[in-house]
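*Asks:* Here the sequence shown is numbered in the UniProt record's numbering, starting from 1 and rising by one per residue.
Cβ atoms here follow ideal geometry from the backbone N, Cα and C, with glycine treated the same way.
No experiment lies behind these values; they were computed from the predicted model shown.
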Amino acid sequence: KYFHAQCNFFQDGLKAVESLKPSIEKLSTDLHTIKQVQDEERKQLIQLRDILKSALQVDQKEDSQLRQSTTYSLHQPQGNKEHGTERDGSLYKKSDGIRK
1 KYFHAQCNFF QDGLKAVESL KPSIEKLSTD LHTIKQVQDE ERKQLIQLRD ILKSALQVDQ
61 KEDSQLRQST TYSLHQPQGN KEHGTERDGS LYKKSDGIRK
């Protein structure tokens, strides 16, 4: 009796798998075509990226040539030019009460 129940269980499983086989094959072919389309799109995007990179490099070269003629530094030297730009001395800072 146990063997008969086990045999029926596995036969039902086999029937279920066989009934799903056509839909699984269809999904497999759909997945394959989608993968091919995505690979083509990826190749096109990579080509576009390379074209844009080369165009940006040309623009950056032109910008750097323009910047060399009009240089501006954010951290320009400070101080009186007659006396130099170095200072010496001590800076006294009040304590905020941390060490009281």
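Quick check: the Cα distance between Ala55 and Gln36, rounded to an integer number of angstroms?
*Replies:* Position 55 of the sequence shown holds residue 55. Position 36 of the sequence shown holds residue 36. Rounded to whole angstroms, Ala55 to Gln36 spans 29 Å at the Cα level.
*Asks:* Report the three-state DSSP secondary structure of Ser90 (helix, strand or coil).
*Replies:* Indexing the sequence shown from 1 puts residue 90 at position 90. Three-state result, Ser90: coil.
*Asks:* What's the gap between the Cα of Cys7 and the Cα of Lys15?
*Replies:* If you number the sequence shown from 1, residue 7 lands on position 7. If you number the sequence shown from 1, residue 15 lands on position 15. If I take the Cα positions, the gap works out to 12 Å.
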